[in-house]
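2 protein chains.
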Amino acid sequence: MMEPVGLVLVGFGNVGQAFAQLLLEKQAELAEKYGMRCHVNGIMTGRHGAAINPDGIDLEEALRIVREGGQLKQLDASDFSGDTLDFIQQSPGDVMVETTPVNPRSGQPALEHMRAALSKGMHAITANKGPVVYGFQELTALASGKGRKFLFESAVMDGAPIFSLFRQPLAGARLLGFSGILNSCTNLLLERMEAGETLEQAIAYGASIGITETDPSNDVDGWDASIKVAALSTVLMGHPLTPLEVDRTGIRGITLEMIAEAKEAGQRWKLVCSLERKGEAFVARVRPETVGPDSPLFSVGGTSSFVVFNLDVLPGLGVLESDPSPKTTAFGLLADLIYTQGKA
Amino acid sequence: MMEPVGLVLVGFGNVGQAFAQLLLEKQAELAEKYGMRCHVNGIMTGRHGAAINPDGIDLEEALRIVREGGQLKQLDASDFSGDTLDFIQQSPGDVMVETTPVNPRSGQPALEHMRAALSKGMHAITANKGPVVYGFQELTALASGKGRKFLFESAVMDGAPIFSLFRQPLAGARLLGFSGILNSCTNLLLERMEAGETLEQAIAYGASIGITETDPSNDVDGWDASIKVAALSTVLMGHPLTPLEVDRTGIRGITLEMIAEAKEAGQRWKLVCSLERKGEAFVARVRPETVGPDSPLFSVGGTSSFVVFNLDVLPGLGVLESDPSPKTTAFGLLADLIYTQGKA
Numbered sequence: 002m003m004e005p006v007g008l009v010l011v012g013f014g015n016v017g018q019a020f021a022q023l024l025l026e027k028q029a030e031l032a033e034k035y036g037m038r039c040h041v042n043g044i045m046t047g048r049h050g051a052a053i054n055p056d057g058i059d060l061e062e063a064l065r066i067v068r069e070g071g072q073l074k075q076l077d078a079s080d081f082s083g084d085t086l087d088f089i090q091q092s093p094g095d096v097m098v099e100t101t102p103v104n105p106r107s108g109q110p111a112l113e114h115m116r117a118a119l120s121k122g123m124h125a126i127t128a129n130k131g132p133v134v135y136g137f138q139e140l141t142a143l144a145s146g147k148g149r150k151f152l153f154e155s156a157v158m159d160g161a162p163i164f165s166l167f168r169q170p171l172a173g174a175r176l177l178g179f180s181g182i183l184n185s186c187t188n189l190l191l192e193r194m195e196a197g198e199t200l201e202q203a204i205a206y207g208a209s210i211g212i213t214e215t216d217p218s219n220d221v222d223g224w225d226a227s228i229k230v231a232a233l234s235t236v237l238m239g240h241p242l243t244p245l246e247v248d249r250t251g252i253r254g255i256t257l258e259m260i261a262e263a264k265e266a267g268q269r270w271k272l273v274c275s276l277e278r279k280g281e282a283f284v285a286r287v288r289p290e291t292v293g294p295d296s297p298l299f300s301v302g303g304t305s306s307f308v309v310f311n312l313d314v315l316p317g318l319g320v321l322e323s324d325p326s327p328k329t330t331a332f333g334l335l336a337d338l339i340y341t342q343g344k345a
Numbered sequence: 002m003m004e005p006v007g008l009v010l011v012g013f014g015n016v017g018q019a020f021a022q023l024l025l026e027k028q029a030e031l032a033e034k035y036g037m038r039c040h041v042n043g044i045m046t047g048r049h050g051a052a053i054n055p056d057g058i059d060l061e062e063a064l065r066i067v068r069e070g071g072q073l074k075q076l077d078a079s080d081f082s083g084d085t086l087d088f089i090q091q092s093p094g095d096v097m098v099e100t101t102p103v104n105p106r107s108g109q110p111a112l113e114h115m116r117a118a119l120s121k122g123m124h125a126i127t128a129n130k131g132p133v134v135y136g137f138q139e140l141t142a143l144a145s146g147k148g149r150k151f152l153f154e155s156a157v158m159d160g161a162p163i164f165s166l167f168r169q170p171l172a173g174a175r176l177l178g179f180s181g182i183l184n185s186c187t188n189l190l191l192e193r194m195e196a197g198e199t200l201e202q203a204i205a206y207g208a209s210i211g212i213t214e215t216d217p218s219n220d221v222d223g224w225d226a227s228i229k230v231a232a233l234s235t236v237l238m239g240h241p242l243t244p245l246e247v248d249r250t251g252i253r254g255i256t257l258e259m260i261a262e263a264k265e266a267g268q269r270w271k272l273v274c275s276l277e278r279k280g281e282a283f284v285a286r287v288r289p290e291t292v293g294p295d296s297p298l299f300s301v302g303g304t305s306s307f308v309v310f311n312l313d314v315l316p317g318l319g320v321l322e323s324d325p326s327p328k329t330t331a332f333g334l335l336a337d338l339i340y341t342q343g344k345a
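Residue numbers (the working numbering), protein chains in the order written: chain A, 2 to 345; chain B, 2 to 345.
Put into structure tokens, the structure is as follows:
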């Protein structure tokens, strides 16, 4: 009988719930293909309380309660009270899966959650880029010292394999630079503007379908894109970079006239992220550019994203992610989970 | 001191030589990053003879001799004479790297080379799709029984990570189908026709730069594309398929008029490969289709290729390979080599 892997979920919003749902869907497949059985031993939510149960929480029940607006307290078997750090301390488990809202300027509180879980000897997986940009080296060293892993596949391009691609598949290759569309929100906004909406109308639409955040400046001003550029540089190129070091221009300056003019010329405006190694220097940039149909960026529509890597052995290796959903992000977390167990 | 990995190279044409060159270039990097040191203990060529040396052949010297049209005999330390199967038998080594010309209808002689190497207890790596389509299950079982690996990353889309992507990164995902441009030769031919050349002129150009084979029907009639569809189906979907089971239409029927008409409408002709699971049935197809600028296939030019995978957790994961060269294919072989040693 296989020993269950104990999971601790910190954050139980759209992505956390999608991950729980995916775990349920993939239960039989994981057991069959990888001999993996998972128990969720703790769930910490923002607005629905927390539950700890060393024997495993009934996930379907937890999802139902949260969807109906109830409190997880009723599933708690350990009389838990406290904050998230207390929760991480007290939850028995092998792997923490972290999906809380994050402050893009500091990486908190996700960064603190990672530290707590790794210090305790758990593998730590997050969907947040904050801990990557503000703590990659520290957390990787901490994990390594504990014989555990710090993983974050979902932090860039949701669940599309980016970081894992550079582990085994591209082991013998050296990354020289990359460019692409990494912020799907502005990509959608620009597409709405092509259909005639103003930026404000497009943002309102984005908010209505849950794509833009309360503070749209994170996307619109290129912060999210810059954080992703910084994350890729830090992890894949071994060149630590903060978002502030990215030459950043958002899409506020793009007018409907500019959009129309581009369209007339058979072009589209895209918020292009890039990093180029020039000798010893690294030039990191986020800025709107027009692209034509001969560019692989042209057809990247809606909330899709795309990156092309320039490697010493592969001049252009592109990865496209079309039409992601919370399930896609949840898959990135699952892929990380499988990797912590050395199952593939 | 690290034990050297003994390599045996069967085939030493463009790709084999590019692999040898890459080994030389990456020597320091492999030692530093993976503690790997490689010796080439045997080289078998089509027209320059063979050499076996258990202490390692001087690769730079071997490359020089072959480029100058000489014979490798002068580097042979074991008085070798015999055919390729004798060579595989007599060469001491841990890993065979196979790049000989292959018959697309039978997978030979590559298939026989794989059998010989694996039976002898070597890992077997090939750039040929033949052994994949005609021997995947047999060779995988043979490798597994010997505790060795049968690998073929370069068989589809050169060195772009396709098969390795489905090992660890996509371990938890299920593939439902795919579509894309897998034959770069016809992609180039169609582009030349867009510039006004007839198919015959385009083929002559392709031959002049070493892209089209002596018998262009392998590409033009969609055989190469069909073999690739069959390989992806067999390996990634666990659904063995032969090229004959692919509904195949090549590009001979595409006239300059059709090309011009498509261009007029802002479209391009592409040879599209696809596989779709429909209930219990698998619909595999290779056929010319027109695509517009909203398709990710539109911008795939020259000898580039592209595939988009439809996965249960990722509705559209695309992989683009731009402007490959023999070095790109060589990288696929190197990636496989690193994997055989469990180094990444």
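All residues carry an ideal CB built from backbone N, CA and C; glycine is no exception. Values in this document were obtained by computation on a predicted structure and should not be read as measured data.
Best match in the options for proximity to residue i [C-alpha to C-alpha]
i: isoleucine 1 of chain A; options: A/Gly14, A/Lys27 and A/Phe310; result: The structure shown has nothing for residue 1 of chain A, since chain A only spans 2 to 345.
i: glutamate 139 of chain A; options: A/Asp87, A/Asn129, A/Ala156 and A/Ser120; result: A/Ser120
i: glycine 148 of chain B; options: B/Glu30, B/Phe167 and B/Ala118; result: B/Ala118
i: isoleucine 58 of chain B; options: B/Val301, B/Ala21 and B/Gly47; result: B/Ala21
i: threonine 327 of chain B; options: B/Val11, B/Gly17, B/Leu10 and B/Glu4; result: Note that residue 327 of chain B is proline in the sequence shown, not threonine. For the residues B/Val11, B/Gly17, B/Leu10 and B/Glu4, the minimum Cα distance to proline 327 of chain B belongs to B/Gly17.
i: threonine 46 of chain A; options: A/Asp56, A/Pro102 and A/Asp80; result: A/Pro102
i: alanine 263 of chain B; options: B/Ala161, B/Phe153 and B/Gly293; result: B/Gly293
i: serine 323 of chain A; options: A/Thr330, A/Leu312, A/Phe307 and A/Ala331; result: A/Phe307
i: tyrosine 135 of chain A; options: A/Glu69, A/Pro244 and A/Arg253; result: A/Pro244
i: glutamine 91 of chain A; options: A/Glu62, A/Leu8 and A/Leu233; result: A/Leu8
i: methionine 123 of chain A; options: A/Glu214, A/Val287, A/Val11 and A/Ile255; result: A/Val11
i: aspartate 80 of chain B; options: B/Ile66, B/Pro55 and B/Glu62; result: B/Pro55
i: glutamate 234 of chain B; options: B/Gly280, B/Ala285 and B/Ala266; result: Note that residue 234 of chain B corresponds to serine in the displayed sequence, not to glutamate. The residue with the shortest Cα to Cα distance from serine 234 of chain B is B/Ala285.
i: glycine 280 of chain B; options: B/Ile182, B/Ser145 and B/Leu177; result: B/Leu177
i: arginine 249 of chain B; options: B/Glu258, B/Lys229 and B/Gly223; result: B/Gly223
i: glutamate 61 of chain A; options: A/Ala51, A/Ala29, A/Leu25 and A/Arg38; result: A/Leu25
Short CB-CB distance (under 8 Å) between residue i and chain B
i: lysine 271 of chain A; result: no
i: phenylalanine 332 of chain A; result: yes
i: proline 5 of chain A; result: no
i: phenylalanine 299 of chain A; result: yes
i: isoleucine 212 of chain A; result: no
i: arginine 168 of chain A; result: yes
i: lysine 150 of chain A; result: no
i: serine 165 of chain A; result: yes
Contacts of residue i in chain B (Cβ-Cβ under 9 Å)
i: valine 309 of chain A; result: Leu321 and Ser323
i: glutamine 138 of chain A; result: Ordered by position in chain B, no residue passes the 9 Å Cβ test against glutamine 138 of chain A, which lies about 18 Å from the chain.
Contacts around residue i, its chain only, beta-carbon distance under 7 Å, and the 5 residues preceding and following it disregarded
i: leucine 334 of chain A; result: Phe20, Val98, Ile126, Ala128 and Ser155
i: arginine 175 of chain B; result: Leu312 and Asp313
i: isoleucine 212 of chain A; result: Cys186, Leu189 and Thr304
i: phenylalanine 299 of chain A; result: Arg269, Val292 and Gly293
Cross-chain neighbours of residue i in chain A, by beta carbon under 8 Å
i: lysine 27 of chain B; result: Gly173
i: alanine 161 of chain B; result: Leu315 and Leu318
i: lysine 328 of chain B; result: Val314
Contacts of residue i in chain A (Cβ-Cβ under 9 Å)
i: glycine 302 of chain B; result: Asp295
Cβ neighbours of residue i in the same chain (closer than 6 Å, five flanking residues each side left out)
i: valine 133 of chain A; result: Phe153, Ala156 and Ala232
i: threonine 341 of chain A; result: Val96, His124 and Lys150
Neighbourhood of residue i by C-beta, 8 Å cutoff - its chain only, sequence neighbours within 5 removed
i: isoleucine 255 of chain B; result: Leu191, Met194, Leu200, Trp270 and Pro289
i: threonine 329 of chain A; result: Asp159, Gly160, Ala161 and Glu322
i: isoleucine 66 of chain B; result: His49, Gln72, Leu73, Gln75 and Leu76
i: tyrosine 206 of chain B; result: Arg193 and Glu198
Chain A residues whose Cβ lies nearer than 7 Å to that of residue i
i: leucine 335 of chain B; result: Gly173
Chain A within 8 Å of residue i, Cβ atoms only
i: isoleucine 339 of chain B; result: yes
i: alanine 266 of chain B; result: no
i: lysine 344 of chain B; result: yes
Where residue i meets chain B, residues with beta-carbon distance less than 7 Å
i: lysine 74 of chain A; result: The contacting residues do not exist; lysine 74 of chain A stays about 31 Å from chain B at best.
#### Entry: Uninterrupted beta strand (DSSP E) stretches inside the region 119-169 of chain A (no shorter than 3 residues)
124-127
### Task
Would you list, in sequence order, the uninterrupted alpha helix (DSSP H) runs of no fewer than 4 residues that lie entirely inside the region 68-128 of chain B?
85-91 and 111-120
#### Entry: Every unbroken beta strand (DSSP E) inside the region 286-330 of chain B [3 residues or more]
306-312 and 317-323
### Message
Could you tell me which whole alpha helix (DSSP H) segments of length 4 or greater appear in the region 171-236 of chain A?
### Response
Qualifying alpha helix (DSSP H) stretches, in chain order: 185-195, 200-209 and 218-221.
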